[in-house]
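To keep things clear, I will list the structure first and then write my remarks on it.
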Amino acid sequence: MKTTFSVAELKTALRCMKQFDYRWLQGLKIAPTFTQASSQGVRAGVRRAYEMVGKAEPEEIEEEAATAAEVKVAEVFASGDIRDPHGMSEDQLLCEKSRTERRTDKATRLFVEHTLPYLPSDLTPDQGWALNVPGLAEFSGEFSAIDIGYTPIATRIFYPIPDDDAELLRDPLLALDAYAAETIRQEETKEAGEIKANNCIILATVSSKTTNSAHITFSDDSIERALDRIESVVEAVNKGCFMPAPHDSWTCNNEYCGFYGMCPYGQRNRTQR
Ligand code: SF4
Numbered sequence: 000m001k002t003t004f005s006v007a008e009l010k011t012a013l014r015c016m017k018q019f020d021y022r023w024l025q026g027l028k029i030a031p032t033f034t035q036a037s038s039q040g041v042r043a044g045v046r047r048a049y050e051m052v053g054k055a056e057p058e059e060i061e062e063e064a065a066t067a068a069e070v071k072v073a074e075v076f077a078s079g080d081i082r083d084p085h086g087m088s089e090d091q092l093l094c095e096k097s098r099t100e101r102r103t104d105k106a107t108r109l110f111v112e113h114t115l116p117y118l119p120s121d122l123t124p125d126q127g128w129a130l131n132v133p134g135l136a137e138f139s140g141e142f143s144a145i146d147i148g149y150t151p152i153a154t155r156i157f158y159p160i161p162d163d164d165a166e167l168l169r170d171p172l173l174a175l176d177a178y179a180a181e182t183i184r185q186e187e188t189k190e191a192g193e194i195k196a197n198n199c200i201i202l203a204t205v206s207s208k209t210t211n212s213a214h215i216t217f218s219d220d221s222i223e224r225a226l227d228r229i230e231s232v233v234e235a236v237n238k239g240c241f242m243p244a245p246h247d248s249w250t251c252n253n254e255y256c257g258f259y260g261m262c263p264y265g266q267r268n269r270t271q272r
């Protein structure tokens, strides 16, 4: 029986239970694609920017963040561990590398210039959390950042900002972020009471064209639906029920699923049947 789940594990399970089995139970590791390497770079840059909020001028934050992003992408390239699902020639690979570097740099700089000024100026980056849901499991994760009022910041890389409840539908794990933040707030302020998770997420989105931030709130109904989905994933894992991703899933392709080539349920195999 599996009783502890990290957010990374849950994220995979929500996308595809089969992928969860390969990645987290069988322990198979797959190298990132160029797109995923770029996301890793932007994430490193954003993390550095959060660390520097209130401690440096915007130009310095932008430079430091861009450097952190560049270093991360260089690290991925240097490991020789990049996945090329499109079978590119050597020249094409070189072009793709430099396109990835440019895209990462641009997205990171746009984030510092256009999103960071609208976020709280008292951020603590990368705070870990743990949440015990009696009878279900213990969950753990990390906020991109949290402010002094215990509002968690969720960062999305290369993603548009949707409606409040639509975002929770797409990413039920935000409900855990919100619960964890509220639990920490009540512990630290010694305030007891029912823990409600609907009032406190700031969503910061980053892309290479436009970045944005929005304070979003969730309805009780959508939180309940999100928690139901998390519960069903935990139950499926414990029953050993590893269903493939839905037929029209965005993740079931060579770019986003590293197991595509070996998985008997890959879309390509399914359409050939
Ligand atoms: S190929 Fe599709 S079904 Fe198989 S693990 Fe990947 S996402 Fe899941």
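Going left to right, the sequence shown walks through residues 0 to 272 as the numbering used here numbers them.
We treat Cβ as the ideally placed atom computed from N, Cα and C, and that holds for glycine.
Between the Cα of residue i and the Cα atoms of the options, which residue gives the shortest distance?
i: Glu210; options: Ala67, Thr3, Ser139 and Thr114; result: Checking the displayed sequence, the identity of residue 210 turns out to be Thr instead of Glu. Checked all of Ala67, Thr3, Ser139 and Thr114; the closest Cα to Thr210 is Thr114.
i: Ser231; options: Pro31, Ala129, Asn252 and Ala136; result: Ala136
i: Tyr158; options: Tyr21, Ala213 and Ala55; result: Ala213
i: Met240; options: Asp20, Thr11 and Leu9; result: The amino acid at residue 240 is misidentified as Met; the sequence shows Cys. Minimum Cα distance to Cys240 is reached at Asp20.
i: Gly148; options: Ser120, Gly140 and Glu100; result: Ser120
i: Glu181; options: Arg108, Asp125, Thr150 and Met51; result: Thr150
i: Met242; options: Thr103, Tyr264 and His85; result: Tyr264
i: Val75; options: Ile222, Lys96, Asp170 and Val233; result: Lys96
i: Phe217; options: Ile183, Asp170 and His246; result: Asp170
i: Arg82; options: Thr34, Gln25 and Arg14; result: Thr34
i: Val233; options: Asp219, Leu172 and Lys208; result: Leu172
i: Thr123; options: Phe258, Lys28 and Asp146; result: Asp146
i: Ile222; options: Ala30, Asp164 and Glu58; result: Asp164
i: Leu92; options: Thr103, Leu226 and Gly79; result: Gly79
i: Glu186; options: Leu130, Gly44 and Arg224; result: Leu130
Assuming residue i and residue j form a contact by the criterion Cβ under 8 Å, report the distance between their Cβ atoms to the nearest whole angstrom.
i: Val236; j: Lys71; result: Their Cβ separation, rounded to whole angstroms, is 31 Å, which puts Val236 and Lys71 out of contact at 8 Å.
i: Val41; j: Ala65; result: Rounded, the Cβ-Cβ distance is 10 Å, inconsistent with contact.
i: Glu166; j: Ile229; result: Their Cβ separation, rounded to whole angstroms, is 15 Å, which puts Glu166 and Ile229 out of contact at 8 Å.
i: Trp128; j: Ala179; result: 4 Å
i: Thr32; j: Glu254; result: 6 Å
i: Ser143; j: Ile156; result: Contact flag wrong, Cβ pair sits at about 10 Å.
i: Gly140; j: Ser5; result: 7 Å
i: Arg102; j: Ser248; result: The pair is not a contact, with the Cβ atoms about 24 Å apart (cut-off 8 Å).
Should residue i be counted as a contact of ligand 1 given a C-beta to heavy atom distance under 8 Å?
i: Phe33; result: no
i: Gly265; result: yes
i: Ala7; result: no
i: Phe217; result: no
i: Lys17; result: yes
i: Phe157; result: no
i: Ala244; result: yes
i: Ser248; result: yes
i: Phe258; result: yes
i: Cys262; result: yes
i: Cys240; result: no
i: Arg14; result: yes
i: Tyr178; result: no
i: Tyr274; result: Absent from the structure is residue 274, since the part of the chain shown begins at 0 and ends at 272.
i: Cys94; result: no
Looking only at DSSP bridge pairs, what is residue i linked to?
i: Trp128; result: Gly140
i: Ile145; result: Thr123 and Pro151
What span of residues does the alpha helix (DSSP H) with residue i cover, start to end?
i: Ser5; result: No alpha helix (DSSP H) contains Ser5, which is instead part of the beta strand (DSSP E) from Thr3 to Ser5.
i: Arg47; result: Phe33 to Met51
i: Thr182; result: Leu172 to Thr188
i: Thr204; result: Taken as a continuous stretch (DSSP letters only), Thr204 belongs to no alpha helix (DSSP H), being part of the beta strand (DSSP E) at Ile200 to Val205.
i: Ser231; result: Asp219 to Lys238
i: Lys17; result: Met16 to Phe19
i: Thr66; result: Pro57 to Ala77
Could you tell me the boundaries of the beta strand (DSSP E) in which residue i lies?
i: Ser212; result: Asn211 to Ile215
i: Ala153; result: Pro151 to Ile156
i: Leu93; result: No beta strand (DSSP E) contains Leu93, which is instead part of the alpha helix (DSSP H) from Glu89 to Leu109.
i: Leu122; result: Run containing Leu122: none; DSSP gives neither H nor E here.
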